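Engineer: Just passing along the structure, written as structure tokens.
There are 2 protein chains.
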Amino acid sequence: MSKKGILMVISGFSGSGKGTIVRNMMEKYDNYALSISMTTREPRQGERDGIEYFFVTKEKFEQTIEEDGLIEYANYCGNYYGTPRAYVEEQLNAGRDVILEIEIQGALKVKKRFPESLLVFVTPPNAKELKKRLIGRGTETPEVIEQRLSRAYEESEGVEAYDYIVVNDDLMTCVEEIHFLVEAARRAPLRREALIQQIRKELKEFAKGAE
Amino acid sequence: MSKKGILMVISGFSGSGKGTIVRNMMEKYDNYALSISMTTREPRQGERDGIEYFFVTKEKFEQTIEEDGLIEYANYCGNYYGTPRAYVEEQLNAGRDVILEIEIQGALKVKKRFPESLLVFVTPPNAKELKKRLIGRGTETPEVIEQRLSRAYEESEGVEAYDYIVVNDDLMTCVEEIHFLVEAARRAPLRREALIQQIRKELKEFAKGAE
């Protein structure tokens, strides 16, 4: 009987560095499996099907919804985004910890469906730093940057729903911190059920033997 | 404005090694303060007032109860045991993390009164090991050992109320694990309130500036 893995959601402000964190977690530790989202939006330059996303048609996506093949999905700006169920369950059952890098709406749906999931929100140390990082990319127009800041403000309204808020000040420190949060989650009673039952059984036998 | 410390309860089966763990946590890390319980029982050989316990009279104990001077208290075998409030609050307000080494009944009372407290239960890897450790001390009669095992069985019924269950297989690993659980708790949203508010405020200002 293998132990089930932990389902973890990593969200964060645009510019929080969550993509880099996830990539480094995958490289540094071998217990993680990364879920790949399904989307109906067009691939951007350099994006590959099955790597960044599974790119599918609207018909295929809606068929997957009907078949209950998604853990969560949402529609942003006319495009569907969702988390395929099969891969996640397969990996969890194999004892691997699965990372979902998704937005807050999806995160809340995951928590509702899997109350034992671990929700981690990544933030820069402060909003000035967040703004600096957004501008620092040098790839976005001022309008897009301001849009993202407004969006970040909206997102900040929901962070209390997460289990943990991690500050990304130093990348590798942040990666290690998140890894420790997963290790901590393994010590919650609901993940110790087998050990608890075993100890209870043995103690009962010892106590009986003493009568 | 200083950050409040974390109130942590460490419980565990008799023979789980929790006393040694607490001692090592105090030696290895400098963020902890150890709460000393108040009791009406007689000091045993070598026990010093204000070190192992505050030894007081029944009258003094009951007066302290009346003055709401205890976070929790209980009566075992005709003796009172309780946790003095003043020291705990003083240390928490100074930003230190306070360790209470108390039993499950006390732990549940602490959690009710301080929902943000962290409850850790220490267990040997299995009941056979627990029995071996109890016998290994060589100081107890078979009757006492069997009593403790029965008691351990009763205690095992309550462990789901704890936030974490830690296996004491290797002492220093266990000490580090518990320390990481405290560090994890610092990242919960309720302990990030100041950061969250600050980021919200700054993001709101940025978003306004963009209008």
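Going line by line, the protein sequences match chains A and B. In terms of the numbering used here, the first sequence opens at residue 1 and continues consecutively. In terms of the numbering used here, the second sequence opens at residue 1001 and continues consecutively. Note that the Cβ used here is the ideal one computed from N, Cα and C, for glycine as well. Just so it is clear, the structure is predicted and the values come from calculations on it, not from any experiment.
1) Note down, one range per segment and in chain order, each alpha helix (DSSP H) of at least 4 residues found wholly within the segment 168 to 210 of chain A.
2) Determine whether the beta carbon atoms of A:Arg192 and B:Ile1165 lie at a separation below 8 Å.
3) Going by other Cβ atoms of all chains shown within 10 Å of its Cβ, with 16 needed for buried, is B:Val1144 buried or exposed?
4) Check whether the segment 41 to 56 of chain A touches the segment 125 to 134 of chain A, taking contact to mean three or more Cβ pairs, one atom from each stretch, closer than 8 Å.
5) Classify B:Val1101 as buried or exposed, calling it buried when 16 or more other Cβ atoms lie within 10 Å of its own Cβ.
6) For a contact defined as C-beta to C-beta under 7 Å, what are the partners of A:Lys128 on chain B?
7) Distance check for A:Gln147 and B:Ala1207, CA to CA, integer angstroms please.
8) Closer than 8 Å, CB to CB, is B:Lys1131 near chain A or not?
9) Under a CB-based cut-off of 8 Å, is B:Ala1207 close to chain A?
10) Roughly how many angstroms lie between the CA atoms of A:Thr20 and B:Val1088, to the nearest whole one?
11) Give me the chain A residues within the contact set of B:Glu1047, using Cβ-Cβ distance strictly less than 9 Å, ordered along the chain.
12) In whole angstroms, give me the CA-to-CA distance for A:Glu202 and B:Glu1140.
13) With 8 Å set as the bound, which would you pick, yes or no: does the beta-carbon of A:Ser156 sit closer than that to a beta-carbon of chain B?
14) Please classify A:Tyr80: does DSSP put it in a helix, a strand, or coil?
15) If we ignore side chains and look at the alpha-carbon of each, how far apart do A:Lys58 and A:Tyr80 end up?
16) So B:Glu1150 contacts chain A; which residues on that side make the cut at Cβ distance below 7 Å?
17) Can you tell me whether A:Thr83 is buried or exposed? The criterion is at least 16 other CB atoms within 10 Å of its CB, across all chains shown.
18) Assign B:Ala1127 to one of three DSSP states: helix, strand, or coil.
19) Measure from the alpha carbon of B:Lys1111 to the alpha carbon of each residue in B:Gly1005, B:Lys1004, B:Val1009 and B:Lys1003, then state which is nearest.
20) Taking the runs of the alpha helix (DSSP H) that are 4 residues or longer, which of them lie wholly in the segment 15 to 95 of chain A?
21) Can you tell me where the beta strand (DSSP E) holding A:Glu101 begins and where it ends?
22) For A:Ile6 versus A:Leu118, is the C-beta spacing smaller than 8 Å?
23) Would you call the CB atoms of B:Gly1012 and B:Thr1123 closer than 8 Å?
24) Candidates A:Arg85, A:Gln197, A:Gly158 and A:Thr39: which alpha carbon is nearest A:Cys77's?
25) Looking only at its own chain, which residues have a Cβ that is under 7 Å from the Cβ of B:Lys1204, when we skip the five neighbours before and after it?
26) When the Cα atoms are used, what is the spatial distance from A:Lys18 to A:Val120?
27) Going by beta carbon distance, what residues of the same chain come within less than 6 Å of A:Ala33, once the five residues before and after it are set aside?
28) Kindly indicate which residue of B:Arg1186, B:Val1167, B:Glu1183 and B:Gly1069 has the alpha-carbon position closest to the one of A:Ala194.
29) With 8 Å as the limit, tell me which residues of the segment 1163 to 1177 of chain B have their beta carbon closer than that to any beta carbon of chain A; keep them in chain order.
30) Give me the DSSP bridge partner(s) of A:Gly158.
31) Taking the C-alpha atoms as reference points, what is the distance between A:Met1 and B:Asn1075?
32) Identify whether A:Gly5 lies in helix, strand or coil by the three-state DSSP scheme.
Structural biologist: The answer reads as follows:
1) You should have 171 to 185 and 193 to 209.
2) For the purposes of this step, residue 192 of chain A is taken as residue 192 along the first sequence, with counting starting at 1. For the purposes of this step, residue 1165 of chain B is taken as residue 165 along the second sequence, with counting starting at 1. Going by C-beta atoms, A:Arg192 is nearer than 8 Å to B:Ile1165.
3) As a working mapping, residue 1144 of chain B is identified with position 144 in the second sequence. When all chains shown are included, B:Val1144 counts as exposed.
4) Because the criterion of three Cβ pairs below 8 Å is not met, the segment 41 to 56 of chain A and the segment 125 to 134 of chain A do not touch.
5) If you number the second sequence from 1, residue 1101 of chain B lands on position 101. Per the sequence shown, residue 1101 of chain B should be read as Glu rather than Val. Counting every other CB atom within 10 Å of its CB across the protein chains shown gives B:Glu1101 a total of 16 or more, marking it as buried.
6) Residue 128 of chain A sits at position 128 when you count from the first residue of the first sequence. For A:Lys128, the chain B residues whose Cβ falls inside 7 Å of its Cβ are Glu1202, in order along the chain.
7) In the second sequence, the residue the question calls residue 1207 of chain B occupies position 207. In the first sequence, the residue the question calls residue 147 of chain A occupies position 147. Taking the straight line joining both Cα atoms gives about 8 Å.
8) Mapped onto the second sequence, residue 1131 of chain B falls at position 131. Yes - at least one Cβ of chain A is within 8 Å of the one on B:Lys1131.
9) The residue labelled residue 1207 of chain B in the question sits at position 207 within the second sequence. Output row for B:Ala1207: interface = yes.
10) Working through the first sequence from its first residue, we reach residue 20 of chain A at position 20. Working through the second sequence from its first residue, we reach residue 1088 of chain B at position 88. Near 41 Å, if we compare the C-alpha coordinates of B:Val1088 and A:Thr20.
11) The count along the second sequence starts at 1 and reaches residue 1047 of chain B at position 47. Residues of chain A passing the Cβ test: none, with the nearest at roughly 29 Å.
12) Taking the first residue of the first sequence as 1, we reach residue 202 of chain A at position 202. Taking the first residue of the second sequence as 1, we reach residue 1140 of chain B at position 140. Cα-Cα distance, rounded: 21 Å.
13) For this step, residue 156 of chain A is matched to residue 156 along the first sequence. Nearest CB-CB separation between A:Ser156 and chain B: below the 8 Å threshold.
14) Residue 80 of chain A sits at position 80 when you count from the first residue of the first sequence. When DSSP states are grouped into helix, strand and coil, A:Tyr80 belongs to the strand group.
15) In the first sequence, counting from the first residue as 1, residue 58 of chain A sits at position 58. In the first sequence, counting from the first residue as 1, residue 80 of chain A sits at position 80. Roughly 8 Å separates the two Cα atoms.
16) Here residue 1150 of chain B is taken as the residue at index 150 of the second sequence, counted from 1. Reading off the sequence shown, one finds Ser at residue 1150 of chain B, where the question assumed Glu. The contacting residues are Ala207.
17) Position 83 of the first sequence holds residue 83 of chain A. Looking at its Cβ environment, which holds 16 or more other Cβ atoms inside 10 Å, A:Thr83 is buried.
18) In the second sequence, residue 1127 of chain B corresponds to position 127, counting from 1. The three-state reading of DSSP puts B:Ala1127 in helix, counting H, G and I together.
19) Looking up residue 1111 of chain B in the second sequence gives position 111. Proximity to B:Lys1111 across B:Gly1005, B:Lys1004, B:Val1009 and B:Lys1003 peaks at B:Val1009, based on C-alpha coordinates.
20) Runs of the alpha helix (DSSP H) inside the segment 15 to 95 of chain A: 18 to 28, 58 to 66 and 85 to 93.
21) Taking the first residue of the first sequence as 1, we reach residue 101 of chain A at position 101. Looking at the DSSP string, the run of the beta strand (DSSP E) that includes A:Glu101 is Asp97 to Glu101.
22) Locating residue 6 of chain A in the first sequence gives position 6, where the first residue counts as 1. Locating residue 118 of chain A in the first sequence gives position 118, where the first residue counts as 1. When the beta-carbon positions are compared, A:Ile6 and A:Leu118 come within less than 8 Å of each other.
23) For the purposes of this step, residue 1012 of chain B is taken as the residue at position 12 of the second sequence. For the purposes of this step, residue 1123 of chain B is taken as the residue at position 123 of the second sequence. The Cβ-Cβ distance between B:Gly1012 and B:Thr1123 falls below 8 Å.
24) Residue numbering aside, residue 77 of chain A sits at position 77 when the first sequence is read from its first letter. Minimum Cα distance to A:Cys77 is reached at A:Thr39.
25) Along the second sequence, read from residue 1 onward, the residue named residue 1204 of chain B stands at position 204. The beta carbon of B:Lys1204 sits closer than 7 Å to none of the beta carbons in its chain outside the five residues before and after it.
26) Translated into positions along the first sequence, residue 18 of chain A becomes position 18. Translated into positions along the first sequence, residue 120 of chain A becomes position 120. When only Cα atoms are considered, A:Lys18 and A:Val120 end up about 10 Å apart.
27) Indexing the first sequence from 1 puts residue 33 of chain A at position 33. Cβ neighbours of A:Ala33 beyond the five flanking positions: Gln91, Arg96 and Val98.
28) Position 194 of the first sequence holds residue 194 of chain A. With distances taken between CA atoms, A:Ala194 lies nearest to B:Val1167 out of B:Arg1186, B:Val1167, B:Glu1183 and B:Gly1069.
29) Those would be Asp1163, Tyr1164, Ile1165, Val1166, Val1167 and Glu1177, in chain order.
30) The count along the first sequence starts at 1 and reaches residue 158 of chain A at position 158. Bridge partners of A:Gly158: none, in fact.
31) Your numbering for residue 1 of chain A matches position 1 in the first sequence. Your numbering for residue 1075 of chain B matches position 75 in the second sequence. In this prediction, A:Met1 scores a pLDDT of 41, lower than 50, which makes its location untrustworthy; no coordinate-derived value is stated.
32) Numbered from 1 along the first sequence, position 5 holds the residue referred to as residue 5 of chain A. Annotated three-state conformation of A:Gly5 is coil, per DSSP.
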